[in-house]
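**Q**
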């Protein structure tokens, strides 16, 4: 009987392994066959840019997860879109760009980066046509640069202004009997306010009002220039809530040029490219354009662009800005003789203060050997500014959120909750602080003093790093720190950044530092191979992609909750931005 069961189990295992190998081989064939290799452009081609999903600086989707149907929400790469626009400009076979706008989750600075690239494309004399069933506010800001902005006759256009809101947990925690013990430095360091207040503090209300008005003014200025409508008139239109008005009003006010159904837009594109019918249109996607060889000559000497996007975490985390992974990347670039300069693209609201310090050290070590220029994306605040402050030069977009120089720590006390549940605790200890961090009781005053001194020490180190990196006295940095969030425009005036511009400017400045006249640009981290994707923490990847598939953009809320949990359990000292602010 025992040998019978052994035989059955062996057979089952053999079938399972054979099936797994078959699936893997089939996946390889499908993925390889679907990958656009060496795409060849034809005459009268149109670059088609679909604004839908989640826009990241440097998205690296897992093709295996996509093939298995785990990702319904597309992550699209800003770097791929910008690269496609550049290629379209320089290639004579491409006659224009067609922008199809849908629902896009994106930071303000990322949208501006693409918008600026489209403005540069227009210098070629080629056309840009934009169409949407409904223009969300961010997509309209980007699309308004087009030669012709088209709206569906039954569609909508959203332009209503910016608002920033937060959920405050204090009332809930009070009812549950949970006290969050807060330790922080910085009047404006508002990431902890939801745990200790039931509304914004006056200081926080001041800073939020300051930066959202500056971002809104940047949006209005761009739309005004493209659509030839005054800023004051645009403000008046926004107060009319055009999203719920008749589409014809959008045309009458000059926000759009005409109303057309999508089929009519395709006919219009035919007329622009001499195609006989819509089926004859030669539309090339951003993904396909990625495999089109650039007209620019390759050079041995390189400027490397390293993308650092997400929360800053320590240890062995497989996502976001993991300190060990980023440090390893920086060390490789430092030792690569072909890499003459580095651009660190930072898009982060911060995270672990410890991990930020480790990355700062790696940036400093690299700077000794070769120049490193920081390009700030939507956010480079708190820990994101920490890892940026010692660069050779810092370049931000006008609507980047940066600064937030401050740190905090959180310790929950669940004594009240335990009492409600009928739980009691007792302990025996050898030393006075042996039970430090016990969640079942409030901290003693001597414990609070020790922890606050530790936070103060961390803040002083943060101030010191910023002062040394920026060449500004600690006293001067202290006056503009206090956890205050600034836009790129504001940061330039107070010396936290050196210039306003995008990643192209950062690359050019890095090349100047390295005295390069001819060079190639190489992006890091490199796209993972098939086998790397297959073996890369498959359990967590499937779980993550499943949540993304079901929750869409709301997945980030779950991710934030998990980060808060890990923060209180492990890295309780944080340098983190309180807001995840975007235009939708």
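In the working numbering, the protein residues as written are -1 to 582. Glycine included, C-beta positions come from ideal geometry on N, C-alpha and C.
Leaving aside the five residues before and after residue 451 along the sequence, list all residues of the same chain whose C-beta is less than 7 Å from its C-beta, in chain order.
**A** By one-based count along the chain shown, residue 451 stands at place 453. Taken in chain order, the list of residues that qualify is empty.
**Q** With DSSP collapsed to three states, give me the class of residue 240.
**A** In the chain shown, residue 240 corresponds to position 242, counting from 1. Residue 240 falls in the helix class under three-state DSSP.
**Q** Using beta-carbon positions only, say whether residue 381 and residue 350 come within less than 8 Å of one another.
**A** In the chain shown, residue 381 corresponds to position 383, counting from 1. In the chain shown, residue 350 corresponds to position 352, counting from 1. Taking 8 Å as the Cβ cut-off, residue 381 and residue 350 qualify as a contacting pair.
**Q** In this structure, how does DSSP classify residue 117 when only helix, strand and coil are distinguished?
**A** Counting from 1 along the chain shown, the entry for residue 117 is found at position 119. Here residue 117 sits in helix by DSSP.
**Q** Pick from 243, 46 and 262: whose alpha carbon is nearest that of residue 148?
**A** Here the question's residue 148 lines up with position 150 in the chain shown. Of the candidates 243, 46 and 262, the one whose C-alpha sits nearest the C-alpha of residue 148 is 262.
**Q** Could you check whether residue 414 and residue 175 sit closer than 8 Å to each other, using their CB atoms as the reference points?
**A** Taking the chain shown and counting its residues from 1, the one referred to as residue 175 is at position 177. Taking the chain shown and counting its residues from 1, the one referred to as residue 414 is at position 416. It is a contact, given that the beta carbons lie within the stated cut-off.
**Q** Measuring straight from C-alpha to C-alpha, what distance separates residue 390 and residue 359?
**A** Position 392 of the chain shown, counted from the start, is the residue given in the question as residue 390. Position 361 of the chain shown, counted from the start, is the residue given in the question as residue 359. So the two alpha carbons sit approximately 14 Å from each other.
**Q** Three or more C-beta pairs under 8 Å: does that hold for the segment 338 to 357 against the segment 507 to 514?
**A** Result yes; three or more Cβ-Cβ pairs closer than 8 Å.
**Q** What residue range is occupied by the uninterrupted beta strand (DSSP E) comprising residue 149?
**A** As a working note, residue 149 is residue 151 in the chain shown. 146 to 155 is the span of the beta strand (DSSP E), which, as asked, contains residue 149.
**Q** My output table needs one value for residue 359: the three-state DSSP class, helix, strand or coil.
**A** If you number the chain shown from 1, residue 359 lands on position 361. It is helical.
**Q** For residue 484, which beta-bridge partners are listed by DSSP?
**A** Within the chain shown, the letter at position 486 stands for residue 484. Paired residues: 400.
**Q** Based on DSSP bridge pairs, tell me the residues matched to residue 519.
**A** The residue you call residue 519 lines up with position 521 of the chain shown. The partner list for residue 519 (beta bridge, DSSP) reads 301.
**Q** Looking only at its chain, what residues have a beta carbon closer than 7 Å to the beta carbon of residue 33, apart from the 5 residues adjacent to it on each side?
**A** Position 35 of the chain shown, counted from the start, is the residue given in the question as residue 33. In this prediction, residue 33 scores a pLDDT of 48, lower than 50, which makes its location untrustworthy; the coordinate-derived value is nonetheless stated afterwards. Excluding sequence neighbours, residue 33 sits near nothing in its chain.
**Q** What beta strand (DSSP E) runs, 3 residues minimum, are completely inside the segment 182 to 244?
**A** Correct list: empty.
**Q** What number of angstroms, rounded off, separates the C-alpha of residue 449 from the C-alpha of residue 188?
**A** Counting from one through the chain shown, the residue named residue 449 turns up at place 451. Counting from one through the chain shown, the residue named residue 188 turns up at place 190. Distance between the alpha carbons of residue 449 and residue 188: 19 Å.
**Q** I need the boundaries of the alpha helix (DSSP H) containing residue 507, first residue and last residue.
**A** To locate residue 507, count along the chain shown from 1; it is residue 509. Where residue 507 is concerned, the enclosing alpha helix (DSSP H) stretches over 501 to 511.
**Q** I need the straight-line Cα distance from residue 145 to residue 75, nearest angstrom please.
**A** Your numbering for residue 145 matches position 147 in the chain shown. Your numbering for residue 75 matches position 77 in the chain shown. Cα to Cα, the separation comes out at about 24 Å.
**Q** Within the chosen definition, does the segment 483 to 496 reach the segment 294 to 305 through at least 3 CB pairs nearer than 8 Å?
**A** No: the two stretches stay apart, fewer than three of their Cβ pairs being nearer than 8 Å.
**Q** Would you call residue 534 buried or exposed, if buried means 16 or more other Cβ atoms sit within 10 Å of its Cβ?
**A** Translated into the one-based positions of the chain shown, residue 534 becomes position 536. Any reading at residue 534 is ruled out, since the residue's pLDDT is 49, under 50, leaving its predicted position unreliable.
**Q** On the CB-based measure, 16 or more other CB atoms within 10 Å of its CB, does residue 246 come out buried or exposed?
**A** For the purposes of this step, residue 246 is taken as the residue at position 248 of the chain shown. Counting Cβ neighbours within 10 Å, residue 246 comes out exposed, since fewer than 16 surround it.
**Q** Would you call residue 99 buried or exposed, if buried means 16 or more other Cβ atoms sit within 10 Å of its Cβ?
**A** As a first step, residue 99 must be located in the chain shown, where it is residue number 101. Classification for residue 99: buried.
**Q** Could you give the distance in angstroms between the alpha-carbon of residue 52 and the alpha-carbon of residue 356?
**A** For the purposes of this step, residue 52 is taken as the residue at position 54 of the chain shown. For the purposes of this step, residue 356 is taken as the residue at position 358 of the chain shown. Straight-line Cα distance between these residues: approximately 29 Å.
**Q** Just to confirm the assignment, what range does the beta strand (DSSP E) spanning residue 439 have?
**A** Counted from its first residue, the chain shown places residue 439 at position 441. Residue 439 -> no beta strand (DSSP E), and no H or E assigned at all.
**Q** Nearest to residue 94 by alpha carbon, out of 378, 114, 251 and 123?
**A** The residue given as residue 94 occupies position 96 in the chain shown. Comparing Cα-Cα distances from residue 94 to each of 378, 114, 251 and 123, the minimum goes to 123.
**Q** Given a cut-off of 8 Å, decide if residue 439 and residue 388 are closer than it, judged by their beta-carbon atoms.
**A** Residue mapping note: residue 388 aligns to position 390 of the chain shown, counting from 1. Residue mapping note: residue 439 aligns to position 441 of the chain shown, counting from 1. No, the pair does not count as a contact, with Cβ atoms beyond the cut-off.
**Q** DSSP beta-bridge partners for residue 289?
**A** Within the chain shown, numbered from 1, the residue matching residue 289 stands at position 291. None; residue 289 has no bridge partner.
**Q** Give every residue of the same chain whose Cβ lies closer than 6 Å to the Cβ of residue 216, excluding the five residues on either side of it in the sequence, and list them in chain order.
**A** Residue numbering aside, residue 216 sits at position 218 when the chain shown is read from its first letter. Closer than 6 Å at Cβ, skipping near neighbours: 396 and 397.
**Q** Across the segment 404 to 413 and the segment 490 to 509, are there enough close Cβ pairs to call them in contact, namely three or more that are closer than 8 Å?
**A** No, the segment 404 to 413 does not touch the segment 490 to 509.
**Q** Can you give me the start and stop residues for the beta strand (DSSP E) that residue 371 sits inside?
**A** For this step, residue 371 is matched to residue 373 along the chain shown. Note, residue 371: beta strand (DSSP E), 370 to 379.
**Q** Strictly by DSSP, which residues pair up with residue 125?
**A** Residue 125 sits at position 127 when you count from the first residue of the chain shown. Its beta-bridge partners are 94.
**Q** Note down, in chain order, each residue of its chain lying with its Cβ closer than 6 Å to the Cβ of residue 107, except the 5 sequence neighbours on either side.
**A** Working through the chain shown from its first residue, we reach residue 107 at position 109. These residues qualify, in order along the chain: 375, 376, 395, 397 and 398.
**Q** Pairing CB atoms from the segment 158 to 175 with CB atoms from the segment 270 to 290, are three or more of them under 8 Å?
**A** No, the segment 158 to 175 does not touch the segment 270 to 290.
**Q** Would DSSP call residue 329 helix, strand or coil?
**A** Residue mapping note: residue 329 aligns to position 331 of the chain shown, counting from 1. Residue state, collapsed to three classes: helix.
**Q** How many angstroms separate the CA atom of residue 421 from the CA atom of residue 194?
**A** Taking the first residue of the chain shown as 1, we reach residue 421 at position 423. Taking the first residue of the chain shown as 1, we reach residue 194 at position 196. Each residue's Cα considered, the two are about 25 Å apart.
**Q** Could you check where the alpha helix (DSSP H) with residue 269 kicks off and where it finishes?
**A** Position 271 of the chain shown, counted from the start, is the residue given in the question as residue 269. That run of the alpha helix (DSSP H) goes 260 to 271.
**Q** From which residue to which residue does the beta strand (DSSP E) around residue 51 run?
**A** In the chain shown, residue 51 corresponds to position 53, counting from 1. Start and end: 43 to 54.
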